[in-house]
Amino acid sequence: MAKKKPEGYLSAKESRRISRENRKITNEFEKKRKRKSVPEEEYVTVMKDEGNVLEIDNLHTYFFTDAGTVKSVNGVSFEVPVGKTVGVVGESGCGKSVTSLSIMQLVQRPQGQTVDGEIRLNMGDGKAYNIVNTPNYKMQGIRGNYVSMIFQEPMTSLNPVFRIGDQIDEVIALHNPEMSKEDVRKKTIEMIELVGIANSEGVARMYPHELSGGMRQRICIAIGLACNPKLIIADEPTTALDVTIQAQILDLLRELKDKINSSIMLITHDLGVIAEMADYVVVMYAGRVVEKGTATDIFKNPCHPYTIGLMNSKPVVGKKVDRLYSIPGKVPNPIDMPNYCFFKDRCEMCVEGCAGAYPEMVKLSDTHYVSCYRHYDNAQKEEK
Ligand SMILES: Nc1ncnc2c1ncn2[C@@H]1O[C@H](COP(=O)(O)OP(=O)(O)O)[C@@H](O)[C@H]1O
Ligand SMILES: [Mg+2]
Numbered sequence: 013m014a015k016k017k018p019e020g021y022l023s024a025k026e027s028r029r030i031s032r033e034n035r036k037i038t039n040e041f042e043k044k045r046k047r048k049s050v051p052e053e054e055y056v057t058v059m060k061d062e063g064n065v066l067e068i069d070n071l072h073t074y075f076f077t078d079a080g081t082v083k084s085v086n087g088v089s090f091e092v093p094v095g096k097t098v099g100v101v102g103e104s105g106c107g108k109s110v111t112s113l114s115i116m117q118l119v120q121r122p123q124g125q126t127v128d129g130e131i132r133l134n135m136g137d138g139k140a141y142n143i144v145n146t147p148n149y150k151m152q153g154i155r156g157n158y159v160s161m162i163f164q165e166p167m168t169s170l171n172p173v174f175r176i177g178d179q180i181d182e183v184i185a186l187h188n189p190e191m192s193k194e195d196v197r198k199k200t201i202e203m204i205e206l207v208g209i210a211n212s213e214g215v216a217r218m219y220p221h222e223l224s225g226g227m228r229q230r231i232c233i234a235i236g237l238a239c240n241p242k243l244i245i246a247d248e249p250t251t252a253l254d255v256t257i258q259a260q261i262l263d264l265l266r267e268l269k270d271k272i273n274s275s276i277m278l279i280t281h282d283l284g285v286i287a288e289m290a291d292y293v294v295v296m297y298a299g300r301v302v303e304k305g306t307a308t309d310i311f312k313n314p315c316h317p318y319t320i321g322l323m324n325s326k327p328v329v330g331k332k333v334d335r336l337y338s339i340p341g342k343v344p345n346p347i348d349m350p351n352y353c354f355f356k357d358r359c360e361m362c363v364e365g366c367a368g369a370y371p372e373m374v375k376l377s378d379t380h381y382v383s384c385y386r387h388y389d390n391a392q393k394e395e396k
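Per the numbering used here, residue 13 is the first one in the sequence shown, and the count goes up by one each step.
Encoded structure:
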């Protein structure tokens, strides 16, 4: 670690040294990743539980920047069961998007690298891929066909200079090279209708700027679902939309998920959205999972002080408060994480052990896990 003068200050010389070291590290990763042929045993694996479509195991994704290493995802583990919706919550910057980009292998490279952990994706027939080691030429067949992603801002996901129909055509044709042009267009129109847009033929001829935000997000969903993916990752899909449209888009997602027999990993900072959609909830803080369980576990019996804080900072209809609660303090600097609980400095419920090492995940029930010293007494320690 470079010597710092005032907090966060790095001299040009130190910065150059860090960037040299970073290049060495990232070059190694890139060399491995860019190989033209990778033996199957490096990435073919088996699921721990066939009932899951995705298993994330101790995932670490770092960004090697000139100011230091940003540990955006720092040991995340959770599962997405087949046919279920898993909500991932946490405030901005806690690593939700980087986790989802890691699953798609779309983290900004070369500085962003998954340095440790496994992401097992169920490919069916008892086979699974460890995405972390899957080579690029295989990933192209996985994105869209097995996992697809819906982003926050639909305008930036669509290309402004191509017509809507052509953009959907492109995706369908790419994944189904045997389809004729007419069939592709037929499927495109079908997809536009499926996401609830009337005048499908007309919309197919429009450009993205001619549509409203809600319609654009529907188009993005159409593109994402065109190839019936097993897992849909929706990264804040309704944050850029107003509330009425938000409800419609969520309904649409839920309905389509059941129609194509898929599962959803829904990322949001909005607990209301989670309450409405999710079967399971994963609460993230500063690159780690602090609590996970079924929606009932988390909403009825939140155990981590951060989860409790999140619940309290949400307005409740009919409950009168002078001031809405807000969690004090701010997220620690991701370049320089403390070696004790990351939440300690903001926590109002600290107990004796809190100054010690980062708390391990403990099991409160078959589904409910929390990483907090307050619960060490009434739980068995869980090896990861
Ligand atoms: N390309 C990047 N380069 C450097 N740091 C990044 C990059 N992308 C994300 N980060 C950092 O990773 C952390 C997690 O970001 P992100 O996953 O986008 O948060 P969110 O939970 O809001 O989706 C943040 O501290 C962010 O600054
Ligand atoms: Mg994000």
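C-beta atoms are modelled at their ideal positions from N, C-alpha and C, and glycine is treated no differently.
Please read all numbers here as calculations on a predicted model, not as lab measurements.
Comparing alpha-carbon positions, which option in 34, 50, 90 and 326 lies nearest residue 292? 90
Report all residues for which the CB-ligand distance to some heavy atom of ligand 1 is below 5 Å; order them along the chain. 75, 82, 84, 104, 105, 106, 107, 108, 109, 110, 120 and 346
Nonlocal neighbours in the same chain, by C-beta distance under 7 Å from residue 336, ignoring five residues either side: 325 and 327
Run through the DSSP bridge pairs and tell me what residue 125 is partnered with. Answer is 74.
Between residue 135 and residue 48, what straight-line distance do the alpha-carbon atoms span, to the nearest angstrom? 22 Å
Helix, strand or coil for residue 182, going by three-state DSSP, please let me know. helix
Counting pairs of Cβ atoms below 8 Å between the stretch 156-174 and the stretch 235-243, do you hit three or more? Because the criterion of three Cβ pairs below 8 Å is met, the stretch 156-174 and the stretch 235-243 touch.
Going by Cα to Cα distance, which pick from 72, 60, 35 and 79 is closest to residue 126? For residue 126, the closest of 72, 60, 35 and 79 by C-alpha to C-alpha distance is 72.
Can you tell me whether DSSP reads residue 94 as helix, strand or coil? coil
In whole angstroms, what is the alpha-carbon distance linking residue 350 and residue 344? 8 Å
So what does residue 300 bridge to, in DSSP terms? Listed as beta-bridge partners of residue 300 by DSSP are 297.
Would residue 243 and residue 65 be called neighbours here (beta carbons separated by less than 8 Å)? yes
The beta strand (DSSP E) enclosing residue 159, as first and last residue numbers: 159-162
N-terminal and C-terminal residue of the beta strand (DSSP E) that residue 245 is part of: 243-247
Which residues does DSSP pair with residue 140 in a beta bridge? According to the DSSP secondary-structure assignment, residue 140 is paired through a beta bridge with 57 and 134.
Based on the DSSP output, what are the partners of residue 240 in its beta bridges? Paired residues: none, contrary to the question.
Rounded C-beta distance between residue 323 and residue 99? I'm assuming under 8 Å. About 14 Å; that fails the 8 Å criterion.
Is residue 298 buried or exposed, if buried means 16 or more other CB atoms sit within 10 Å of its CB? buried
Are the beta-carbon atoms belonging to residue 161 and residue 180 less than 8 Å from one another? Not a contact, by the Cβ cut-off of 8 Å.
Nearest to residue 270 by CA position, among 187, 97 and 87, is which residue? 97
Expressed to the nearest angstrom, what Euclidean distance is found between the alpha-carbon atoms of residue 252 and residue 261? 12 Å
Within 8 Å, strictly: CB atoms of residue 120 and residue 76: no
Please find out if some non-hydrogen atom of ligand 2 comes closer than 7 Å to the beta-carbon of residue 364. no
Please specify which runs of the alpha helix (DSSP H), each continuous and at least 4 residues long, are wholly inside the stretch 295-372, giving them in chain order. 307-312 and 317-324
Can you round the beta-carbon distance between residue 436 and residue 275 to whole angstroms, since I take them to be within the 8 Å contact cut? Any answer about residue 436 is impossible in this case: the structure gives the chain only from 13 up to 396.
Given 7 Å as the limit, tell me if residue 69 has its C-beta closer than that to any heavy atom belonging to ligand 2. no
Spatial neighbours of residue 80 in its chain, beta-carbon cut-off 6 Å, leaving aside the 5 residues before and after: 347
Look at the alpha carbon of residue 146 and the alpha carbon of residue 137, and state the distance between them as a whole number of angstroms. 18 Å
Buried or exposed: residue 387, going by 16 or more other Cβ atoms within 10 Å of its Cβ? buried
Own chain partners of residue 320 with C-beta closer than 6 Å, once the 5 adjacent residues on each side are dropped: 314
Where does residue 207 land, buried or exposed, given buried means 16+ other C-beta within 10 angstroms? Per the 10 Å Cβ criterion, buried.
Quick one: residues in its chain with C-beta nearer than 8 Å to the C-beta of residue 364, no 5 flanking neighbours on either side, listed in chain order? 385
Can you say whether residue 152 is buried or exposed, counting buried as having 16 or more other CB atoms within 10 angstroms of its CB? exposed
Counting C-beta neighbours from all protein chains within 10 Å, is the total for residue 189 16 or more, i.e. buried, or is it exposed? exposed
Return no unless some Cβ of chain B is closer than 8 Å to the Cβ of residue 382. As a matter of chain content, chain B is missing from the structure shown, which is built from one protein chain.
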